[in-house]
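**Student:** In terms of this note's numbering, the sequence shown opens at residue 45 and continues consecutively. All residues carry an ideal CB built from backbone N, CA and C; glycine is no exception. Pasting a structure below so you can have a look.
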Amino acid sequence: MKTNNSITRRESEVLHCISKGLSTKEITKQLYISKSTVETHRRNLLIKLDANNSAHLIFKAMTEGLLSIGNVGMKMTAMVALFVILTFGNSNAQVGMNVDCLESYSINDTLYRTNNDSISTILTVSSNAIHTNDTDSYYSAGDTIAMINGFEVVVGSSYCAEIASCTSDPCIVNGIHAAFDEFDKGSYTISTSGSNVTLTTDGLPNHTSPYWSNTTERCLAGPMGMTLCTNQNTTVNHPYFVEPRITTYDQMAPGNIDDFNGSYSLTVPQSPVVANTSSSTGLGAIGLAISGSVIYNDEEGPNIPLDGAVGSLDYNGAHTGPQSYHYHLEPEAWSKDDNQLIGVMADGFFLYGRKCFSTGGYPTDLDASNGHTSMTQHSCSAEYHYHIENTPYLGLYYILFPYDYAGSPSNIN
Ligand SMILES: [Zn+2]
Ligand SMILES: [Zn+2]
Numbered sequence: 045m046k047t048n049n050s051i052t053r054r055e056s057e058v059l060h061c062i063s064k065g066l067s068t069k070e071i072t073k074q075l076y077i078s079k080s081t082v083e084t085h086r087r088n089l090l091i092k093l094d095a096n097n098s099a100h101l102i103f104k105a106m107t108e109g110l111l112s113i114g115n116v117g118m119k120m121t122a123m124v125a126l127f128v129i130l131t132f133g134n135s136n137a138q139v140g141m142n143v144d145c146l147e148s149y150s151i152n153d154t155l156y157r158t159n160n161d162s163i164s165t166i167l168t169v170s171s172n173a174i175h176t177n178d179t180d181s182y183y184s185a186g187d188t189i190a191m192i193n194g195f196e197v198v199v200g201s202s203y204c205a206e207i208a209s210c211t212s213d214p215c216i217v218n219g220i221h222a223a224f225d226e227f228d229k230g231s232y233t234i235s236t237s238g239s240n241v242t243l244t245t246d247g248l249p250n251h252t253s254p255y256w257s258n259t260t261e262r263c264l265a266g267p268m269g270m271t272l273c274t275n276q277n278t279t280v281n282h283p284y285f286v287e288p289r290i291t292t293y294d295q296m297a298p299g300n301i302d303d304f305n306g307s308y309s310l311t312v313p314q315s316p317v318v319a320n321t322s323s324s325t326g327l328g329a330i331g332l333a334i335s336g337s338v339i340y341n342d343e344e345g346p347n348i349p350l351d352g353a354v355g356s357l358d359y360n361g362a363h364t365g366p367q368s369y370h371y372h373l374e375p376e377a378w379s380k381d382d383n384q385l386i387g388v389m390a391d392g393f394f395l396y397g398r399k400c401f402s403t404g405g406y407p408t409d410l411d412a413s414n415g416h417t418s419m420t421q422h423s424c425s426a427e428y429h430y431h432i433e434n435t436p437y438l439g440l441y442y443i444l445f446p447y448d449y450a451g452s453p454s455n456i457n
């Protein structure tokens, strides 16, 4: 029901302010107009551009050529990206995590709802209310505001101000980056010191594997003709033990997961930066997975490719080694062709599955370390992160990290 696309000079100025992510208060100072005048202009812009909220407004203004991407501030670009994701069908439930924050309101905030094209009702919320994105209701004190696409409510006072005043940042959990909240709490101890975060794990995975202790003895013929057997000094299978289905008993590496109950510790900056030069990964742990175990690269020894050991990898692309149960390939226990968080690499950057939250698909802008800067399900703004290599290895598998670190790695001890 768009009726009038021509906007006044003042409305255009307000539009540009909104696109920079300015709050109502900031716009009043910048344009020397009152709060209610800013709100009137904002409301008129929403109606004229047939928009439901500020992010939608900027999206529409860009579509109509009233704004170019260069005019739009970082914060609004991220919001518009989020809006596009929400509106055009990315159904990833974790989107709601970001939206919760955008839709937290305070006492006496004035809200009004849109009825598809026109604003039909203005409501005043009389107590704290937080909308949770995917249902049909809302605010307290008897007010009910219909949500149509989970994104139809407009904050009357200032959409931007609402973002700035979010008291609980969904991207920070327990004082650190939200991604760390996904690390298995049974395995990990996570602490902070100044700008660093330290993760310590026992190295044991929180999922099933044929490498957990079990009652079937297995033996492997060694290179010199000797045979190495893993004796099963147990009468019961470990609760996480599963029969091998990708590997076989006669291909499995020596040692059970339980034999490697140890300690792996990594300290990284909370805000890692891409280094001027990349650095190669080494043998041993190059990252920590959210499951509790460690991540290795694509080699099985000094310049020895993984190929010869592939038969010993379980359904998580992992096996036991001299010092650990470790992953080389996409770990099916929690990630398969998706955007799940895999873990954190030794340089502090997070490693995600083959797909990216920002687009829902396979990223096409990856650098030589298979990383790029975009939104993740754990960030409120674009940040650098890695993805699993999306090129099949041996026609079947996906190597976690055959690249060089883009940042400066710390030791995993
Ligand atoms: Zn290995
Ligand atoms: Zn990504």
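Give every residue of the same chain whose Cβ lies closer than 7 angstroms to the Cβ of residue 453, excluding the five residues on either side of it in the sequence, and list them in chain order.
**Tutor:** So the qualifying residues of the chain are 323, 390, 391.
**Student:** Reducing DSSP to helix, strand and coil, say where residue 415 ends up.
**Tutor:** Three-state result, residue 415: strand.
**Student:** Given this structure, state the Cα-to-Cα distance separating residue 101 from residue 90, to the nearest angstrom.
**Tutor:** Each residue's alpha carbon lies about 6 angstroms from the other.
**Student:** Using a threshold of 9 angstroms, state whether the C-beta atoms of residue 319 and residue 371 are closer than that.
**Tutor:** Their beta carbons are not under 9 angstroms apart, which means residue 319 does not touch residue 371 by this criterion.
**Student:** Please go through the same chain and pick out, in chain order, the residues whose beta-carbon is closer than 7 angstroms to the beta-carbon of residue 128, but skip the five residues on each side of it.
**Tutor:** Summary for residue 128: the model assigns pLDDT 45, below 50, so the residue's position carries little reliability; its value from the coordinates is reported in the next sentence. Excluding positions up to five away in sequence, the list reads 103.
**Student:** Who are the near neighbours of residue 343 in its chain, counting only those whose CB is closer than 7 angstroms to its CB and skipping five residues on each side?
**Tutor:** 327, 349, 350.
**Student:** In three-state terms, what does DSSP make of residue 310?
**Tutor:** It is a strand residue.
**Student:** Evaluate residue 58 with the Cβ neighbour count: other Cβ atoms within 10 Å of its Cβ, from every protein chain shown; 16 or more gives buried, anything less gives exposed.
**Tutor:** Looking at its Cβ environment, which holds 16 or more other Cβ atoms inside 10 Å, residue 58 is buried.
**Student:** Does DSSP put residue 226 in a helix, in a strand, or in coil?
**Tutor:** If DSSP states are grouped into helix, strand and coil, residue 226 belongs with the helices.
**Student:** Could you tell me which residues DSSP puts in a beta bridge with residue 253?
**Tutor:** In DSSP, residue 253 forms a bridge with 285.
**Student:** What do you reckon, is the C-beta of residue 350 under 8 angstroms from a heavy atom of ligand 1?
**Tutor:** For ligand 1, at least one heavy atom lies less than 8 angstroms from the Cβ of residue 350.
**Student:** Output needed for residue 265: all residues of its chain with C-beta closer than 7 angstroms, excluding positions within five of it in sequence on either side, in chain order.
**Tutor:** Counting only Cβ-Cβ distances below 7 angstroms, and skipping sequence neighbours, we find 271.
**Student:** What is the rounded straight-line gap between the Cα of residue 431 and the Cα of residue 269?
**Tutor:** So the two alpha carbons sit approximately 40 angstroms from each other.
**Student:** For ligand 2, I want to know if residue 425 counts as a neighbour, meaning its beta carbon is within less than 8 angstroms of at least one of the ligand's heavy atoms.
**Tutor:** No, since every heavy atom of ligand 2 falls outside the 8 angstroms radius drawn around the Cβ of residue 425.
**Student:** Could you tell me the alpha carbon to alpha carbon distance between residue 399 and residue 405, rounded to whole angstroms?
**Tutor:** So the alpha carbons of these two residues sit roughly 5 angstroms apart.
**Student:** Using 8 angstroms as the Cβ pair cut-off and three pairs as the minimum, do the segment 419-428 and the segment 363-377 touch?
**Tutor:** No, they do not touch.
**Student:** Are at least three pairs of beta-carbons, each pair with one atom in the segment 278-288 and one in the segment 303-322, less than 8 angstroms apart?
**Tutor:** In short, these stretches do not touch, since the Cβ pair count stays below three.
**Student:** What is the rounded straight-line gap between the Cα of residue 143 and the Cα of residue 354?
**Tutor:** Model confidence at residue 143 stands at a pLDDT of 29, short of 50, so the residue's coordinates are unreliable; what they give is reported in the following sentence. Rounded to the nearest angstrom, the two C-alpha atoms are 42 angstroms apart.
**Student:** From residue 105 to residue 111, what does the alpha carbon distance come to, in whole angstroms?
**Tutor:** Rounded to the nearest angstrom, the two C-alpha atoms are 6 angstroms apart.
**Student:** From 64, 92, 357, 403, pick the residue whose C-alpha is nearest to that of residue 292; which is it?
**Tutor:** For residue 292, the nearest C-alpha among the options comes from 357.
**Student:** According to the Cβ coordinates, are residue 447 and residue 418 closer than 9 angstroms?
**Tutor:** No; because the gap between Cβ atoms is not below 9 angstroms, this pair is not in contact.
**Student:** Cβ of residue 418 within 8 angstroms of any heavy atom in ligand 2?
**Tutor:** It does: the Cβ of residue 418 is within 8 angstroms (strictly closer) of some heavy atom of ligand 2.
**Student:** According to DSSP, what are the bridge partners of residue 240?
**Tutor:** Beta-bridge pairing links residue 240 to 237, 313.
**Student:** Near residue 55, what residues of its chain come up, given a Cβ to Cβ distance below 7 angstroms and the 5 sequence neighbours on each side ignored?
**Tutor:** Correct list, in chain order: 85, 88, 89.
**Student:** Specify whether the segment 217-233 and the segment 294-301 touch according to this definition: at least 3 beta carbon pairs, one from each stretch, less than 8 angstroms apart.
**Tutor:** As far as the Cβ criterion goes, the segment 217-233 does not touch the segment 294-301, which means the pair count is below three.
**Student:** Measuring only between beta-carbons, confirm whether residue 326 sits less than 9 angstroms from chain D.
**Tutor:** As a matter of chain content, chain D is missing from the structure shown, which is built from one protein chain.
**Student:** Look at the Cβ atom of residue 249, then the Cβ atom of residue 231, and state whether they are nearer than 9 angstroms.
**Tutor:** Their beta carbons are under 9 angstroms apart, which means residue 249 touches residue 231 by this criterion.
**Student:** By the DSSP assignment, the alpha helix (DSSP H) with residue 321 in it spans what residues?
**Tutor:** Careful: residue 321 lies outside any alpha helix (DSSP H) and carries neither H nor E.
**Student:** According to DSSP, simplified to helix, strand and coil, what is residue 106?
**Tutor:** Residue 106 falls in the helix class under three-state DSSP.
**Student:** Quick one: measure Cβ to Cβ for residue 305 and residue 247, integer angstroms, because I've assumed they're closer than 8 angstroms.
**Tutor:** Their Cβ separation, rounded to whole angstroms, is 7 angstroms, which keeps residue 305 and residue 247 in contact under 8 angstroms.
**Student:** Put residue 272 into one of helix, strand or coil per three-state DSSP.
**Tutor:** Residue 272 falls in the strand class under three-state DSSP.
**Student:** If you draw a straight line from the C-alpha of residue 289 to the C-alpha of residue 359, how long is it?
**Tutor:** About 7 angstroms.
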